[in-house]
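Protein chains in written order, with the working numbering: chain A, 5 to 82; chain B, 92 to 314. No residue lacks a Cβ here, since even glycine has one placed at the ideal position from N, Cα and C. Shown next, in structure tokens, is the structure this report addresses.
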Amino acid sequence: MARVVVDVMPKPEILDPQGQAVAGALPRLGFTGVTSVRQGKHFELEVDDSVDDETLAKIAEGFLANPVIEEWTVRRLS
Amino acid sequence: MKIGVITFPGTLDDVDAARAARYADAEAVNLWHADEDLHGVDAVIVPGGFSYGDYLRCGAIARFAPVMSSVIDAAKGGMPVLGICNGFQILCEAGLLPGALVRNKKLHFVCQDQWLRVENNTTAWTTRYEAGAEVLVPLKSGEGGYVAEQSTLDELEGEGRVVFRYVGENPNGSRDDIAGICSANGRVVGLMPHPEHAIDALTGPSDDGLGVFLSVVDSLVSA
Numbered sequence: 005m006a007r008v009v010v011d012v013m014p015k016p017e018i019l020d021p022q023g024q025a026v027a028g029a030l031p032r033l034g035f036t037g038v039t040s041v042r043q044g045k046h047f048e049l050e051v052d053d054s055v056d057d058e059t060l061a062k063i064a065e066g067f068l069a070n071p072v073i074e075e076w077t078v079r080r081l082s
Numbered sequence: 092m093k094i095g096v097i098t099f100p101g102t103l104d105d106v107d108a109a110r111a112a113r114y115a116d117a118e119a120v121n122l123w124h125a126d127e128d129l130h131g132v133d134a135v136i137v138p139g140g141f142s143y144g145d146y147l148r149c150g151a152i153a154r155f156a157p158v159m160s161s162v163i164d165a166a167k168g169g170m171p172v173l174g175i176c177n178g179f180q181i182l183c184e185a186g187l188l189p190g191a192l193v194r195n196k197k198l199h200f201v202c203q204d205q206w207l208r209v210e211n212n213t214t215a216w217t218t219r220y221e222a223g224a225e226v227l228v229p230l231k232s233g234e235g236g237y238v239a240e241q242s243t244l245d246e247l248e249g250e251g252r253v254v255f256r257y258v259g260e261n262p263n264g265s266r267d268d269i270a271g272i273c274s275a276n277g278r279v280v281g282l283m284p285h286p287e288h289a290i291d292a293l294t295g296p297s298d299d300g301l302g303v304f305l306s307v308v309d310s311l312v313s314a
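Shown next, in the form of structure tokens:
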């Protein structure tokens, strides 16, 4: 068994209204100095040893992320 | 003349879409998400709602439903397919239409009657309209912002594949005010606003949306 993390982020050129809303709220809450926030998704998968990197890439690109608007990374934690 | 209307878990607008098909004198055929058989339909509507709760991304899970593999094959063979709202998102996720739909620019869910301009009246779903006609139909979506790479946008504009454009203030931040697009052959159309909710002045802001369904019946008769 291994733990695999897939992080999915909106591409830099895609407007991220959720991140912008968070960035806009920070000064109102008294936190200054944060100039930009991007919001994405973090998936944690428990996989058995039969799942290879190629399959993980297919899961990430074909399902967990939409490559039209998002970038993704896959990391095996153990 | 049979128009199939797909129901996924979480679909909301299948009943109105079927009603719109019947208003256009077609037979509405209910298609179930888990069923690969299209039951001999001549066209398919992928209606609005929140398929599978939209839990991963709008339309991302529905795109893998058994019925969608048949719809994708049929669309590639030239069958007219219309995706409305969540259906548009599903068709983009399925790769039948380019681009993607993202969260509205102002984050709020938009629910309003919306003027649209018909930019292309040669698709299977828009021949009943005059080119440049302005129509009033409901818009109700939280993730209706149309985005695509600049090269894709240029291609859509260059080939006349922007079918509907928002008139007046852009309600969701869609690139180039795009409300609906079509496939290269004009048979697959997707749009965020809801023509199926505007087929009778008794229950909608107008009957402007009926032209979409009359158009596809015309296309099927002449085919």
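Item: Other residues of its chain near P296 of chain B: CB distance less than 8 Å, five sequence neighbours each side excluded; Value: D204, L227, V228, P229, A289
Item: 8 Å Cβ cutoff met for R208 of chain B and L244 of chain B; Value: no
Item: 9 Å Cβ cut-off: residues of chain A touching V193 of chain B; Value: P14, I18, L19, D20, P21, I73
Item: Complete alpha helix (DSSP H) runs within the region 209-260 of chain B (minimum length 4 residues, chain order); Value: 241-249
Item: Nearest candidate by alpha-carbon position, reference R113 of chain B, set B:V193, B:G95, B:P171, B:G233; Value: B:G95
Item: Cβ pair C176 of chain B, G139 of chain B closer than 8 Å; Value: yes
Item: A108 of chain B to P189 of chain B span [Cα, whole Å]; Value: 23 Å
Item: Local conformation of N70 of chain A per DSSP, three classes; Value: coil
Item: V9 of chain A classed as buried or exposed, judged by whether at least 16 other C-beta atoms fall within 10 angstroms; Value: exposed
Item: Paired residues, beta bridge with E184 of chain B - DSSP; Value: Paired residue(s): none; E184 of chain B is not in a bridge.
Item: Selection of the region 25-39 of chain A by Cβ proximity to chain B, strictly under 8 Å; Value: A25
Item: N-terminal and C-terminal residue of the beta strand (DSSP E) that M13 of chain A is part of; Value: 6-14
Item: Cβ distance (whole Å) where A69 of chain A is taken to contact V78 of chain A below 8 Å; Value: The Cβ separation is near 10 Å, so there is no contact.
Item: Member of A:K45, A:F35, A:V26, A:L30 whose CA lies at the smallest distance from the CA of P14 of chain A; Value: A:K45
Item: N177 of chain B - DSSP class collapsed to helix/strand/coil; Value: helix
Item: Sequence ranges, alpha helix (DSSP H) only - wholly within the region 6-64 of chain A, length at least 4; Value: 21-32, 57-63
Item: Chain A contacts made by the region 214-231 of chain B, where a contact means CB separation under 8 Å; Value: none
Item: Per DSSP, cross-strand counterpart(s) of V162 of chain B; Value: Answer is none; V162 of chain B lacks a bridge partner.
Item: Secondary structure of V96 of chain B, DSSP reduced to three states; Value: strand
Item: Inter-stretch contact at 8 Å, needing at least 3 Cβ pairs: the region 122-130 of chain B / the region 155-169 of chain B; Value: yes
Item: Below-8 Å beta-carbon distance, G264 of chain B vs any chain A residue; Value: yes
Item: Backbone CA spacing between L182 of chain B and G174 of chain B [nearest angstrom]; Value: 6 Å
Item: L129 of chain B vs A166 of chain B beta-carbon contact at 8 Å; Value: no
Item: Partner residues on chain A for F239 of chain B, Cβ-Cβ distance less than 8 Å; Value: It should be pointed out that residue 239 of chain B corresponds to Ala in this sequence rather than to Phe. Correct list: V72.
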